[in-house]
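In the UniProt record's numbering, the protein residues as written are 1 to 324. These notes are about the structure you will find just below.
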């Protein structure tokens, strides 16, 4: 659209006033690597519910399993925290921001993860990933309630489409899954809610602390909470487990905890939020496929249709927000 030129006595062509729009070019190698990082991060995180379900097959309980996961992940986050502290040119973290970071880490990574681990005892891996994927819609609702953000027609459509998809999947699994399916779904959704609280609450703190420091400090606090919970609630004899459990916990810590955090951060730096949001749409579908291939979980047209609806609804919010 041509811009009006104040004081012009005759029409002026837009080409004489505005520079030509840059032609749309193909992604560079640098950007393609970013896309690869984003997709790999999503697929790695989608393996987490499958690994959890595999570990449960060896008789481990959620308290012990989440502790083992965090024990293997903790050295990575301590290393990043130490590296960030030794770097020069960074502002000192205030006591208030440190307390907020720890509190948000406990909420968003410890409490949310624990709800997810508990819920996955009763729901399928695909269902768990689908419910967790609803967190952008919860963020919209929380932002409207507590931050005064207006909900527009795009958000309304997104919410309707997303929860219609979840309702379709839930309806397809009622009566065919675990007797405590409703409890499991509520726990996983509770985890998504707590993670959404973390996202809403951390937006301002990250601006002051920095994303790398914030993530390292928050994850370290969450790891210590999981370890403390185990020491309080379980005897050390609870670690008398098959070696396969320790192997699965180590894989989950590296492949589905540490790796996605840093891959996603680097992908955001290389290609921006829009392409990263698009890659996130692979999450629920890939988790359902992994559950079908590894755990022999049912994967019918109702589950796929519900997943597609949920992904579409979340994408309406995610892509519009990132473009805005």
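Don't be surprised by glycine CBs; every beta carbon is placed ideally from N, CA and C. Everything numeric in this text was worked out from a predicted model, so none of it was measured.
Three or more C-beta pairs below 8 Å linking the region 178 to 197 and the region 125 to 145: yes
May I ask you to report which of helix, strand or coil DSSP gives residue 59? Taking the chain shown and counting its residues from 1, one reaches residue 59 at position 59. Residue state, collapsed to three classes: coil.
Residue 179: buried (16+ other C-beta within 10 angstroms of its C-beta) or exposed? Along the chain shown, one-based indexing puts residue 179 at 179. Looking at its Cβ environment, which holds fewer than 16 other Cβ atoms inside 10 Å, residue 179 is exposed.
Under 8 Å by Cβ, that's how I've got residue 55 and residue 248 pegged, so tell me the actual separation to the nearest angstrom. What you label residue 55 is simply residue 55 of the chain shown in a count that begins at 1. What you label residue 248 is simply residue 248 of the chain shown in a count that begins at 1. The Cβ separation is near 5 Å, so the contact holds.
State yes or no: is the C-beta of residue 162 within less than 8 Å of the C-beta of residue 313? As a first step, residue 162 must be located in the chain shown, where it is residue number 162. As a first step, residue 313 must be located in the chain shown, where it is residue number 313. A contact, by the Cβ cut-off of 8 Å.
Member of 92, 266, 202 and 214 whose CA lies at the smallest distance from the CA of residue 80: Your numbering for residue 80 matches position 80 in the chain shown. Considering only alpha carbons, the answer is 214.
Is residue 30 helix, strand or coil by DSSP? Numbered from 1 along the chain shown, position 30 holds the residue referred to as residue 30. Looking at residue 30 - three-state DSSP - the assignment turns out to be helix.
Inter-residue Cα distance where the pair is residue 287 and residue 49: The sequence position of residue 287 within the chain shown is 287, counting from 1. The sequence position of residue 49 within the chain shown is 49, counting from 1. Using only the alpha carbons, I get a separation of about 8 Å.
Just how far apart, CA to CA, sit residue 108 and residue 264? Position 108 of the chain shown holds residue 108. Position 264 of the chain shown holds residue 264. Rounded to the nearest angstrom, the two C-alpha atoms are 17 Å apart.
Use the C-beta contact count for residue 364: other C-beta atoms within 10 angstroms, 16 or more gives buried, fewer gives exposed. Lying before the first or after the last residue shown, residue 364 is absent from the chain, which here runs from 1 to 324.
What does a CB cutoff of less than 8 Å around residue 212 pick up in its chain, not counting 5 residues either side in sequence? In the chain shown, residue 212 corresponds to position 212, counting from 1. So the qualifying residues of the chain are 80, 84 and 265.
Taking residue 184 as the reference, which of 144, 133, 125 and 120 has the closest Cα? One-based indexing of the chain shown puts residue 184 at position 184. Checked all of 144, 133, 125 and 120; the closest Cα to residue 184 is 120.
Alpha carbon to alpha carbon, how far is residue 63 from residue 29? Start at 1 with the first residue of the chain shown, and residue 63 comes out as number 63. Start at 1 with the first residue of the chain shown, and residue 29 comes out as number 29. Residue 63 and residue 29: Cα-Cα distance of roughly 43 Å.
Excluding the 5 residues flanking residue 149 on each side, which residues of the same chain have their C-beta closer than 6 Å to its C-beta? Counted from its first residue, the chain shown places residue 149 at position 149. Contacts found: 143.
DSSP three-state call for residue 147: helix, strand or coil? Here residue 147 is taken as the residue at index 147 of the chain shown, counted from 1. If DSSP states are grouped into helix, strand and coil, residue 147 belongs with coil.
Pairs of beta-carbons, one from the region 285 to 301 and one from the region 32 to 48, closer than 8 Å: are there three or more? yes
Flag this pair as yes or no: are the beta carbons of residue 203 and residue 104 separated by less than 8 Å? Residue numbering aside, residue 203 sits at position 203 when the chain shown is read from its first letter. Residue numbering aside, residue 104 sits at position 104 when the chain shown is read from its first letter. No, Cβ-Cβ distance for residue 203 and residue 104 is not below 8 Å.
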